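A.B. asks: The structure is given below, and queries will be raised subsequently.
Numbering (this note's numbering), first residue to last: 24 to 540.
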């Protein structure tokens with residue numbers, strides 16, 4: 024594959040657009056109607072066939088999880104070109120293809136089936152999972168009447184390849200929750216338009232009839248003329264991206280905007296809550312170099328671009344202890360960043376370096392700050408701050424602030440008062456399940472042991488199961504939070520250190536894994 028490649032689409036249209044050197048179908052005001060009509064017809068035919076759409080997804084994922092799969096090997100150059108990710112980082116991105124989606128979807132559709140009734144699930148209810156618990160926060164009555172959308176419009180993100188392709192699963196899994204398969208209109212990201220079309224080419228090989236229910240292309244985000252037509256022809260909109268972009272879509276995509284077959288629609292429904300987020304860390308007790316490697320990985324994986332990447336580490340202890348943690352974390356970060364591989368795209372690398380430099384200079388001017396960064400280059404910044412002042416996190420690149428609190432209660436009080444964007448992932452060595460549940464009440468939707476955050480498992484994301492939300496709505500704003508939990512934190516630490524060593528050569532192989540060979 025090379026720059027200038029063209030992705031084919033079963034629904035042929037004449038308009039094309041060039042994104043980062045790749046030619047894709049362009050979605051315009053004039054062709055939205057014909058496109059949606061074709062994919063709806065294909066979807067109706069697929070429903071009549073009686074086939075399970077997830078079977079094709081399972082097979083597509085099986086192929087993409089194979090390192091020797093031809094399309095996967097071909098994907099590395101264009102993905103490195105568009106994202107700047109090193110081969111090591113792309114390999115980590117591909118990990119979700121090996122998820123046991125069949126088990127996860129089966130779990131969600133059976134164990135969460137109570138969400139499809141009119142009775143309330145009490146706040147604090149725990150649902151056991153293979154790696155911990157899902158906790159329901161806020162009573163959760165769900166409107167039993169299905170929305171039965173005909174067309175779902177996905178607006179993809181471009182920062183994490185492979186994850187964007189798995190966004191297709193949201194709509195394809197709706198039959199598992201008692202609904203009908205909808206057609207999908209999929210907007211690829213201008214930054215990284217490659218992964219979704221490549222994945223759909225695999226789906227074409229496996230099940231061309233299912234592939235014809237999905238149209239992937241591009242329109243300029245925010246174009247009021249084009250998007251009005253898209254809203255008019257869609258029942259559900261799933262936008263991923265910056266908070267302000269999603270809020271703008273919510274403002275413009277009013278229910279009842281569309282008319283189909285003479286009936287005014289109740290949609291479109293903007294059901295996503297996947298807006299700008301960032302992750303945090305909370306540490307209690309002794310802190311050694313291995314701990315530093317695990318927290319460093321949670322901060323540096325995906326070059327700090329993911330919504331779950333750590334941007335702050337709070338230490339329960341004295342300011343002096345927190346400063347020692349920052350110093351140790353800075354040493355561990357140097358090894359971690361060097362082993363994860365450098366940014367492949369020069370333009371992107373320069374932009375990230377400039378952001379890191381500006382952020383570092385800003386922190387350096389604050390009273391009581393101590394900065395740890397490499398002697399050469401600006402690949403990361405670890406900063407100890409004496410005060411609890413609320414500093415905006417680094418948007419692009421690897422940057423983490425370390426500070427101290429006297430107690431868990433002080434941390435909780437700050438979180439309750441803090442911005443909602445500080446409530447995505449939490450990396451912590453604390454194993455008090457009661458405290459972890461209180462942290463989910465404070466807003467964290469994914470809590471894992473240090474070193475686990477980039478190795479996320481399937482399940483509710485950002486507090487919800489989109490497929491359930493699309494069908495039944497969530498009028499009370501009930502939130503589902505994942506907690507990775509084991510009674511033996513030593514096992515989790517050894518497991519995560521072992522993964523760092525095996526995948527990236529970071530640190531040393533734990534004795535526990537050497538004995539298992």
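Positions of the beta carbon are idealized from the N, C-alpha and C atoms, including for glycine. Values in this document were obtained by computation on a predicted structure and should not be read as measured data.
1. Return the first residue and the last residue of the alpha helix (DSSP H) that residue 371 is part of.
2. Taking the alpha-carbon positions, what's the residue 101 to residue 321 distance?
3. Suppose the cutoff is 8 Å on Cβ atoms and the five residues either side in sequence are ignored; what does the same chain contact list for residue 204 look like?
4. Are residue 461 and residue 161 touching if we call contact CB-CB under 8 Å?
5. Within the chosen definition, does the segment 213 to 228 reach the segment 502 to 515 through at least 3 CB pairs nearer than 8 Å?
6. Between which two residues does the alpha helix (DSSP H) holding residue 107 run?
7. In angstroms, rounded to a whole number, what distance separates the CA positions of residue 337 and residue 343?
8. Tell me whether residue 91 is buried or exposed, calling it buried when 16 or more other Cβ atoms sit within 10 Å of its Cβ.
9. Assign residue 200 to one of three DSSP states: helix, strand, or coil.
10. Based on Cα-Cα distance, which residue from 425, 346, 397, 64 lies nearest to residue 174?
11. Residues in its own chain within less than 6 Å of residue 304 by CB, not counting five upstream and five downstream?
12. Can you tell me whether residue 406 is buried or exposed, with buried defined as 16 or more other CB within 10 angstroms of its CB?
13. Assuming residue 304 is part of the beta strand (DSSP E), what are its boundary residues?
14. Nearest to residue 179 by CA position, among 234, 265, 483, is which residue?
15. Straight-line CA distance for residue 386 to residue 293?
16. At the level of alpha carbons, what is the spacing between residue 432 and residue 122?
17. Excluding sequence positions up to five away, which residues of its chain have a Cβ less than 7 Å from the Cβ of residue 307?
18. For residue 98, which residues from the same chain have a beta carbon less than 6 Å from its beta carbon, with the 5 sequence-adjacent residues on both sides left out?
19. Do you know offhand how far residue 95's Cα is from residue 87's?
20. What do you get for residue 447, buried or exposed, if any count of 16 or more other CB atoms within 10 angstroms of its CB means buried?
21. Give the secondary structure of residue 426 by DSSP, where H, G and I count as helix, E and B as strand, and everything else as coil.
22. Taking Cβ to Cβ, would you say residue 260 is nearer than 8 Å to residue 291?
23. According to the neighbour-count rule (16 or more other Cβ atoms, all chains shown, within 10 Å of its Cβ), is residue 125 buried or exposed?
C.D. replies: From the atom records:
1. Taking the first residue of the chain shown as 1, we reach residue 371 at position 348. Looking at the DSSP string, the run of the alpha helix (DSSP H) that includes residue 371 is 369 to 387.
2. As a working note, residue 101 is residue 78 in the chain shown. As a working note, residue 321 is residue 298 in the chain shown. Taking the straight line joining both Cα atoms gives about 26 Å.
3. Here residue 204 is taken as the residue at index 181 of the chain shown, counted from 1. Counting only Cβ-Cβ distances below 8 Å, and skipping sequence neighbours, we find 66, 69, 70, 76, 194, 195, 197, 198, 236.
4. Looking up residue 461 in the chain shown gives position 438. Looking up residue 161 in the chain shown gives position 138. It is not a contact, given that the beta carbons lie outside the stated cut-off.
5. no
6. The residue given as residue 107 occupies position 84 in the chain shown. Note, residue 107: premise wrong, no alpha helix (DSSP H); not H, not E.
7. Taking the first residue of the chain shown as position 1, residue 337 is located at position 314. Taking the first residue of the chain shown as position 1, residue 343 is located at position 320. So the two alpha carbons sit approximately 13 Å from each other.
8. Position 68 of the chain shown, counting from 1, holds the residue named residue 91. Looking at its Cβ environment, which holds fewer than 16 other Cβ atoms inside 10 Å, residue 91 is exposed.
9. Taking the chain shown and counting its residues from 1, the one referred to as residue 200 is at position 177. Here residue 200 sits in helix by DSSP.
10. Along the chain shown, one-based indexing puts residue 174 at 151. Taking only the C-alpha atoms, the option nearest residue 174 is 64.
11. Reading the chain shown from its first residue, position 281 is the one you call residue 304. Cβ neighbours of residue 304 beyond the five flanking positions: 318, 333, 336, 450.
12. By one-based count along the chain shown, residue 406 stands at place 383. It is buried - the Cβ of residue 406 has at least 16 other Cβ atoms within 10 Å.
13. Here residue 304 corresponds to residue number 281 of the chain shown, with the count starting at 1. Note, residue 304: beta strand (DSSP E), 302 to 307.
14. Counting from one through the chain shown, the residue named residue 179 turns up at place 156. Residue 179 has its Cα closest to that of 265, out of 234, 265, 483.
15. Counting from 1 along the chain shown, the entry for residue 386 is found at position 363. Counting from 1 along the chain shown, the entry for residue 293 is found at position 270. Roughly 38 Å separates the two Cα atoms.
16. Here residue 432 is taken as the residue at index 409 of the chain shown, counted from 1. Here residue 122 is taken as the residue at index 99 of the chain shown, counted from 1. Rounded to whole angstroms, residue 432 to residue 122 spans 36 Å at the Cα level.
17. Along the chain shown, read from residue 1 onward, the residue named residue 307 stands at position 284. Correct list, in chain order: 339, 452, 453.
18. One-based indexing of the chain shown puts residue 98 at position 75. Taken in chain order, the residues that qualify are 221.
19. Translated into the one-based positions of the chain shown, residue 95 becomes position 72. Translated into the one-based positions of the chain shown, residue 87 becomes position 64. Their backbone Cα atoms lie some 6 Å apart in a straight line.
20. Taking the chain shown and counting its residues from 1, one reaches residue 447 at position 424. Its Cβ being crowded by 16 or more others within 10 Å, residue 447 is buried.
21. On the chain shown, position 403 is the one that residue 426 refers to. Here residue 426 sits in strand by DSSP.
22. Residue 260 sits at position 237 when you count from the first residue of the chain shown. Residue 291 sits at position 268 when you count from the first residue of the chain shown. Closer than 8 Å, so yes.
23. Taking the first residue of the chain shown as position 1, residue 125 is located at position 102. Under this definition residue 125 is an exposed residue.
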